[in-house]
Each structure stands twice: as structure tokens, then as C-alpha cells.
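With this note's numbering applied, the sequence shown covers 2 to 205. The beta-carbon is built from N, C-alpha and C at its ideal position, and this holds for glycine as well. As the structure is a prediction and not an experimental result, all values here were calculated from the model.
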Amino acid sequence: MNSEEISKLKQYLDINYKENIGLGEQVLDFITENNLKTIFTDIGASLFSSMMGAGYIPSNSHSSSDAEKDKINKEKLELWLKQQKDENESFQIKLLELMKKQGYEDQPSKLYNKISLDRRVFSRISSIANGQQPEKKTVFKLIIGLELELGDAEDLLSSAGFNFNCHKRFDMILKYCIENQIYQTATVDEYLVEFDEKAIFSIE
């Protein structure tokens with residue numbers, strides 16, 4: 002890795018990495034980074050139902066029209082929650098789809114060995130029947146291993162409840178590598194370490 006490559010990455014980070022962050026963004030980042038969206042939507046649904054039952058979300062009258070509005074609001078909430086659940090369950094489908102597209106469908110071991118991912122971890126997160134939501138770091142490893150273009154990378158991250166966070170230098174380094182088709186695991190780790198981030202492929 003030469004100084005010119007480091008200079009290009011530094012310039013990219015100067016433009017894309019946003020170090021300062023407001024309180025509201027900190028909360029949203031915490032929810033996203035820790036994949037707490039489902040927990041918060043479940044809490045919201047419970048609060049909504051409880052408040053309606055206790056009369057804290059009152060109707061102006063007890064007409065059938067107001068009752069119908071309450072029913073519609075509840076149905077909308079239930080539909081939204083179902084969409085969130087479907088999004089969370091779509092990671093396994095999206096992963097298998099991309100593995101097929103990139104030629105790993107019949108040789109998953111080639112993929113998880115390439116990115117130093119434990120076979121048991123891969124099995125848990127790739128199983129549609131018993132799928133476990135992956136950590137964000139694991140999704141990034143899969144993106145590099147599958148050599149995905151930015152659009153597919155964003156789709157896979159989104160299906161697991163994540164995104165490229167411009168307030169995380171780690172994320173922006175990975176995004177730079179993807180945009181520039183840098184998929185060599187050793188090189189990606191070198192870039193991360195160069196900017197005081199933890200390597201993700203080196204076996205500890």
C-alpha cells in the first residue's frame with residue numbers, strides 16, 4: 002500500500018466522513034448500529050395499543066366514524082410492523098440470491114473460508130428456516146467476499162437493518178473499498194488499521 006493510495010482514501014474520508022453528530026442522530030445511529038429497530042417498533046405498538054385502551058388517544062366522539070378511524074389506524078400500524086418483520090427476515094433470501102449471482106451457491110465454504118468467517122456463524126445467519134440476524138461487521142465481510150457492487154452492498158446491508166453510516170469512519174473506509182472494487186481482504190484490513198480502525202479479516 003503506497004502513499005498515493007492512502008492519500009486517495011484520506012481525501013475520500015475528508016469529503017464523506019462526518020465526525021460531528023447531533024443528539025438525535027446519535028440516537029438513530031445507536032438504534033441502527035445495534036439493530037434495535039424491531040425492539041423499538043414492538044414497544045411502539047404496545048404503547049399505541051395501551052394508550053388507545055386507556056383513552057389517552059381519545060376520539061372526539063363515540064361515533065361509528067371514529068371507531069372506523071381507530072380500526073384503520075390499528076391496521077396501518079400492524080401492516081407497518083409486518084413490513085419491518087419482513088425486512089428483517091429478508092436478509093437470508095438476499096444473501097442466498099447474491100451467492101447464486103456471484104457463483105457461490107454450491108460452494109458456500111469457499112466464501113466463508115475466504116473471509117475467515119466461522120462455518121457455524123455462516124450456517125446460523127444463512128438459514129432461512131432458523132435465520133439469525135448478523136452483526137454489521139459480518140455483513141461487511143460478506144460484501145467484500147462476494148465482491149459486490151455498491152448497489153448490491155447497500156441492499157444486503159439494508160436487508161439486515163443497517164446502512165453505510167457517514168458518521169462511522171469504519172463504514173466509509175469499507176464504502177471506499179467497495180466503490181473502488183478493492184476486495185482483497187488483506188488490503189481492506191490494511192486500510193482500516195491505517196486509520197486506527199480494527200481489522201475484520203485477520204484471524205485474532
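Determine whether the beta carbon atoms of residue i and residue j lie at a separation below 7 Å.
{"i": "residue 127", "j": "residue 96", "result": "yes"}
{"i": "residue 18", "j": "residue 121", "result": "no"}
{"i": "residue 116", "j": "residue 142", "result": "yes"}
{"i": "residue 165", "j": "residue 172", "result": "yes"}
What whole-angstrom Cβ distance do residue i and residue j have, given they're in contact under 8 Å?
{"i": "residue 134", "j": "residue 161", "result": "6 Å"}
{"i": "residue 158", "j": "residue 140", "result": "6 Å"}
{"i": "residue 149", "j": "residue 183", "result": "12 Å between Cβ atoms; not a contact."}
{"i": "residue 189", "j": "residue 145", "result": "6 Å"}
Given residue i, which residues of its chain have a CB within under 8 Å of its CB, disregarding the five upstream and five downstream residues?
{"i": "residue 130", "result": "none"}
{"i": "residue 132", "result": "90, 92, 93, 125 and 126"}
{"i": "residue 106", "result": "97 and 100"}
{"i": "residue 205", "result": "Because the pLDDT of residue 205 is 48, which lies under 50, any placement of that residue in the model is unreliable, and the number read from its coordinates should be weighed accordingly. Hits under 8 Å: none found."}
Report the option in the options whose CA atom is closest to the CA atom of residue i.
{"i": "residue 119", "options": "5, 201, 168 and 197", "result": "201"}
{"i": "residue 147", "options": "4, 76, 18 and 98", "result": "98"}
{"i": "residue 206", "options": "15, 10, 20 and 5", "result": "Because residue 206 is not part of the residues shown, which for the chain are 2 to 205, the question remains open."}
{"i": "residue 13", "options": "111, 181, 76 and 69", "result": "181"}
{"i": "residue 1", "options": "199, 195 and 203", "result": "Residue numbering for the chain in the displayed model covers 2 to 205; residue 1 lies beyond these limits and cannot be assessed."}
Residues in its own chain within less than 6 Å of residue i by CB, not counting five upstream and five downstream?
{"i": "residue 57", "result": "A caution first: residue 57 carries a pLDDT of 49, below 50, which makes its placement in the model unreliable, though a value can still be read off. No residues qualify anywhere along the chain."}
{"i": "residue 187", "result": "none"}
Does the Cβ of residue i lie closer than 6 Å to at least one heavy atom of the ligand NAD?
{"i": "residue 168", "result": "As far as ligands go, the structure on display features none, and thus does not contain the ligand NAD."}
If I measure Cβ to Cβ from residue i and keep anything under 7 Å in the same chain, skipping five residues before and after, which residues do I get?
{"i": "residue 5", "result": "none"}
{"i": "residue 9", "result": "none"}
{"i": "residue 154", "result": "144 and 179"}
{"i": "residue 192", "result": "10, 174 and 178"}
{"i": "residue 7", "result": "195"}
{"i": "residue 176", "result": "165"}
{"i": "residue 203", "result": "190"}
{"i": "residue 16", "result": "none"}
{"i": "residue 197", "result": "none"}
{"i": "residue 113", "result": "120 and 123"}
Secondary structure, alpha helix (DSSP H): runs of 4+ residues fully inside the stretch 156 to 203: 170 to 180 and 186 to 195
Length at least 4, wholly inside the stretch 95 to 163: the alpha helix (DSSP H) runs in chain order: 109 to 115, 120 to 127, 137 to 147 and 151 to 160
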